[in-house]
Amino acid sequence: MTHPLDTDVPRAEVFPVPLFRKIRSLPEDPLNVTEMGMVVHIGTHVDAPRHFFSDGPAFHEIPPDRLCGTGVVLSIEKDENELITAADLEAHAGLIRPGDIVAINTGWSRHARSEQYHDHPHLCTQAAQWLVDHKVKLAAFDIPTPDLPIGRRPPDFNWPVHHILLGHGVLVSENLTGLSALNNQRVEFVFAALNIVESDGAPARVFARPVED
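Under this note's numbering, the residue at position 123 of the sequence shown is numbered 127, and the numbers go up by one with no gaps.
Structural data, given as structure tokens:
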């Protein structure tokens, strides 16, 4: 479910390329040691409420049970810049239970590491509110952001989808991949994110497996 971390990992163009550097190397040194430097919001990652709310929980304040549990992968295939609507979610309402983790598979991860990836589908605000109303605890996406693509944002853009979700305690995970094998199934998720003190997000390795309904 996770994009491998390298210098070509999916990221918003406003963020710098991650750094990976050997500071010790065999055979000259007795061991290999790699230094890493990166923005926490590139690749597969989880946003904490602190990302948009100065008084929201930082990553180290998120209870572990918010990052794992049962849920569902929804197959909602969309084209370039297309909206994911509340009606799209309502069509899958029978699969979703209060407290679920919901991963939305638009099929867009196939464009990762290409320019087309940045013209991704996105949620309307009504869809974000639908997830809140149905008591989803974490919403995950195979796109760079559930908000409007960067190239289509007006000057006064204020990330309404993030504000709705994070403002109601729904964690957000972005840049997932490999969801299709679990389409429209009940699954058990683990978002193994780094416990970074005072951080507004964290890179994560995401695991999922089918479970009996």
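The beta-carbon is built from N, C-alpha and C at its ideal position, and this holds for glycine as well.
Asked                                                                                                                                                              : Found
So, do the region 195-212 and the region 42-57 have three or more beta carbon pairs nearer to each other than 8 angstroms?                                         : yes
According to the Cβ coordinates, are E216 and T74 closer than 8 angstroms?                                                                                         : no
In chain order, which continuous runs of the beta strand (DSSP E) of length 3 or greater are located wholly inside the region 153-198?                             : 175-178 and 190-197
Would DSSP call D51 helix, strand or coil?                                                                                                                         : strand
Looking at the secondary structure, which residues open and close the alpha helix (DSSP H) in which V106 lies?                                                     : No alpha helix (DSSP H) holds V106; the beta strand (DSSP E) holding it covers I105 to N109.
Among H172, T181 and L152, which has the Cα closest to the Cα of I108?                                                                                             : T181
For A143, count the other beta carbons within 10 Å of its own beta carbon; 16 or more makes it buried, fewer makes it exposed. Which is it?                        : buried
Who does S29 pair with in a DSSP beta bridge?                                                                                                                      : Answer by DSSP bridge pairing: none, since S29 is not bridged.
Using a 10 Å radius around the Cβ and a threshold of 16 neighbouring Cβ atoms, would you call N179 buried or exposed?                                              : buried
At 3 residues or longer, what runs of the beta strand (DSSP E) sit wholly inside the region 49-134?                                                                : 49-51, 72-79 and 105-109
Tell me which residues share the same chain as H166 and place their Cβ nearer than 8 angstroms to its Cβ, disregarding the 5 neighbours each side in the sequence. : D51, H55, F56, T149, P150, D151 and V176
If contacts are defined as beta-carbon pairs under 8 angstroms, then A197 and L71 qualify, I think. What distance do you get, rounded to the angstrom?             : 6 angstroms
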